[in-house]
Amino acid sequence: KLCEGILNILEKDTKTSCQVACLEALRILSRDKKVLVPVTTKRNMQILIRLAKLDAVEDPLERVSEFPVIVEALKCLCNIVFNSTVAQKLSLELNLAAMLCRLLEKCKDQQFADDIKCFDLRLLFLLSLLHTDIRSQLRQELQGVQVLTQALESSLGVRWTEEYKAAEDRDRPPLSLQETDCAIEALKALFNVTLDSWNVHSENESHQFRYMAAILRHCLLTTGPAEDKTEELH
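Position 116 of the sequence shown, counted from 1, bears residue number 121 in the working numbering, the numbering being contiguous throughout.
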């Protein structure tokens, strides 16, 4: 009943501070599988999708004041998808993976959007881990390998000297914590999406995997903000 009450409030147009507080409470409650059973419905998923700006096809990410709401809504969706098989099935029905890929594109060249990017990638990782049909959809329909590789390239700040050779800058400072976390989530999602890629059939696929291999090599030469984060990245 508490979760339902929170979602009823979130369905209305309330102040940003109220939305963030409600989403923080829902995020904590959504860690409990028993609590999730009555609230994992299409309507409730759509409320969170709207708050995460996943249904806004054309609208760019411009209002920085809304970013905390987007991040908290994505965190809630991560918990719900992880803990509920019903939510995983609804994610396929609602085409959630396609929405996440679109949001990821909007994060490009957008200041202050690193947290949005990180939890978008985490949700893509969870969906590709927990639902084989979504994994296939990402690979075959949504150009998931390309989208995730570009997200990884952006997080690592790769500069190119040749088509498949990244610049080696040994004096480059370590990645920030946010950049490292984004790169880690992109790597995890990429692993799932490429898991069944034993045969490369087209010239485009061959290019994509050579491009990805060059970025992965660069990743191994990159350090994070601390030793444990560097180890996790590698």
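Every residue, glycine too, gets a C-beta built ideally from N, C-alpha and C. All values derive from a computational prediction rather than experimental measurement.
- Query: Any idea if C187 is buried or exposed, counting beta-carbon neighbours within 10 angstroms, 16 or more meaning buried?
  - Reply: buried
- Start and end of the beta strand (DSSP E) containing T228? Looking at the DSSP string, T228 is not in any beta strand (DSSP E), and its letter there is neither H nor E.
- Query: By Cβ distance, which residues of its chain are closer than 7 Å to D138, with the 5 residues on each side in sequence left out?
  - Reply: L97
- Identified DSSP bridge partners for E167: K170
- Message: For N197, count the other beta carbons within 10 Å of its own beta carbon; 16 or more makes it buried, fewer makes it exposed. Which is it?
- Response: buried
- Message: Rounded to whole angstroms, what is the Cα-Cα separation between I159 and V150?
- Response: Inspection of the sequence shows that residue 159 is occupied by Ser rather than by Ile. So the two alpha carbons sit approximately 14 Å from each other.
- Item | Assumed close pair R32, N84 - CB separation to whole angstroms, cut-off 8 Å | 6 Å
- Hey, out of L101, A57, K113 and K17, whose CA is closest to L147's CA? L101
- Would you mind sorting Q116 into buried or exposed? The rule is 16 or more other CB atoms within 10 Å of its CB. exposed
- Task: Buried or exposed for R140, please, with buried defined as at least 16 other CB atoms from any protein chain shown within 10 angstroms of its CB.
- Result: buried
- Item | the region 48–55 contacting the region 64–76, beta-carbon criterion three pairs below 8 Å | no
- Whole-angstrom Cβ separation of L59 and M104, contact assumed at under 8 Å? 4 Å
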